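Student: Read in order, the letters of the sequence shown correspond to residues 4 to 242 in the numbering used here.
C-beta atoms are modelled at their ideal positions from N, C-alpha and C, and glycine is treated no differently.
In this text, all values refer to a predicted model and were calculated from it rather than measured experimentally.
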Amino acid sequence: MSGVTAKLVREYVAGDPVLLECLRKGIVNYSALARRLAEDLEKATGEKHSVVAIKMALVRLAEKLESEPIGEIERIIAASALAVQDYISVITVPRESITRALKIVSQLGENSRFIQFVQSLRTATIIVASEDKEKILERLQNVIEVIDRQSAVILVSPRSIVTTPGVVAYITGFLARSGINITQVISCYVDTILVLNSEEASKAYTLLHRLIDALRRKYSVAEAAVGTGGGSTQPLQGG
């Protein structure tokens, strides 16, 4: 089986949360799916890929997904708690502004109700309480984009989330299947921070609340305490 084909199949499936979940549960027609992927991959790459090789890659991927510790992932989510920070802005700057942006973020520090800094290869993103947005913009040049009317839904989990693969993927896939778009995902020790449009944040919070509640009943997990503190935080109710 071509290693290139297997890699393309993994990438294709990873980009489709619904397909990923169907493979995990073994509720797919592998032959039909392989034929569909062969067409899509040919359009994307301009090269033909063996339907048999694609089917083998799908079967092996499904076996791997089925062996993942879903029970452990769900127990971590069940033992987690939710909080929300409203009125958030997302500021993206180019690489040449990263040093300046870091300095500004460090100066705001604990005085800001909410602030996060994420750096990639070519850009950096500051997620900040909207009331502090202008303090940053007036000191930065070449800002690429500013997104307002955002909220941060924060999942506070047990420490075991640090060493357990798949928790964040489970959460983002769960929300994606409900048509919710996530602007930014930040993992900070035991906190998983989901930045979303404020209109969608309420729906995301409700869905995650119900998920946690259902998993607590499934695994008989007691209600967890929220420890984020500060700002317009809404602790999870119920258990």
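1) Taking just the CA atoms, how far does F177 sit from G232?
2) Could you check which residue in E66, S109, V55, V131 has the C-alpha nearest to that of D89?
3) Roughly how far, in whole angstroms, is the beta-carbon of L214 from the beta-carbon of I94, given that I think they are within contact range, below 8 Å?
4) Tell me which residues share the same chain as L64 and place their Cβ nearer than 7 Å to its Cβ, disregarding the 5 neighbours each side in the sequence.
5) Between S205, A56, S201, which lies nearest to K10 when the distance is taken from Cα to Cα?
6) Using the rule of at least 16 other Cβ atoms within 10 Å of the residue's Cβ for burial, across every protein chain shown, is E99 buried or exposed?
7) Under 9 Å between the Cβ atoms of R78 and Y222?
8) Whose CA, out of G29, E24, L61, P20, lies closest to the CA of R39?
9) Applying the 10 Å Cβ sphere with the 16-neighbour rule, what's the burial state of T8?
10) Count the other C-beta atoms from every protein chain shown that fall within 10 angstroms of the C-beta of I91, then say buried if there are 16 or more, exposed otherwise.
11) Given G230, which residues of its chain have a CB within under 7 Å of its CB, disregarding the five upstream and five downstream residues?
12) Am I right that A155 and A127 are in contact with their C-beta atoms under 8 Å? What's the rounded C-beta distance?
13) List in chain order: all unbroken alpha helix (DSSP H) runs of 4+ residues lying wholly within the region 47 to 124.
14) Is the distance from the Cβ of R153 to the Cβ of V193 below 9 Å?
15) In whole angstroms, give me the CA-to-CA distance for L36 and D135.
16) Answer with buried or exposed for T195, where buried requires no fewer than 16 other C-beta atoms within 10 angstroms of its C-beta.
Tutor: Straight from the coordinates:
1) Residue 232 sits at position 229 when you count from the first residue of the sequence shown. Residue 177 sits at position 174 when you count from the first residue of the sequence shown. Per-residue confidence for G232 stands at a pLDDT of 39, beneath the threshold of 50, marking its modelled position as unreliable; the derived number appears in the next sentence. Taking the straight line from one Cα to the other gives about 26 Å.
2) In the sequence shown, counting from the first residue as 1, residue 89 sits at position 86. Nearest C-alpha to D89: V131.
3) Mapped onto the sequence shown, residue 214 falls at position 211. Mapped onto the sequence shown, residue 94 falls at position 91. Contact doesn't hold; Cβ gap of about 31 Å is too wide.
4) If you number the sequence shown from 1, residue 64 lands on position 61. Around L64: V12, R13, V16, L26.
5) As a working note, residue 10 is residue 7 in the sequence shown. It is A56 whose Cα lies nearest to the Cα of K10.
6) If you number the sequence shown from 1, residue 99 lands on position 96. With fewer than 16 other Cβ atoms within 10 Å, it is exposed.
7) The count along the sequence shown starts at 1 and reaches residue 78 at position 75. The count along the sequence shown starts at 1 and reaches residue 222 at position 219. Taking 9 Å as the Cβ cut-off, R78 and Y222 qualify as a contacting pair.
8) Translated into positions along the sequence shown, residue 39 becomes position 36. The residue with the shortest Cα to Cα distance from R39 is L61.
9) For the purposes of this step, residue 8 is taken as residue 5 along the sequence shown, with counting starting at 1. T8 is buried by the Cβ-count criterion.
10) To locate residue 91, count along the sequence shown from 1; it is residue 88. Buried, by the Cβ-count rule.
11) Here residue 230 corresponds to residue number 227 of the sequence shown, with the count starting at 1. Because G230 carries a pLDDT of 43, less than 50, the predicted location of this residue cannot be relied on, and the following value inherits that uncertainty. If we look at G230 and ignore the five residues flanking it on each side, its Cβ neighbours are V159.
12) Here the question's residue 155 lines up with position 152 in the sequence shown. Here the question's residue 127 lines up with position 124 in the sequence shown. Not a contact, Cβ separation roughly 18 Å.
13) 54 to 69, 73 to 81, 101 to 111
14) Translated into positions along the sequence shown, residue 153 becomes position 150. Translated into positions along the sequence shown, residue 193 becomes position 190. The sequence given here places Gln at residue 153; Arg does not occur at that position. Contact flag unset, no.
15) In the sequence shown, the residue the question calls residue 36 occupies position 33. In the sequence shown, the residue the question calls residue 135 occupies position 132. Their Cα atoms are separated by approximately 49 Å.
16) Indexing the sequence shown from 1 puts residue 195 at position 192. By the 10 Å Cβ count, T195 comes out buried.
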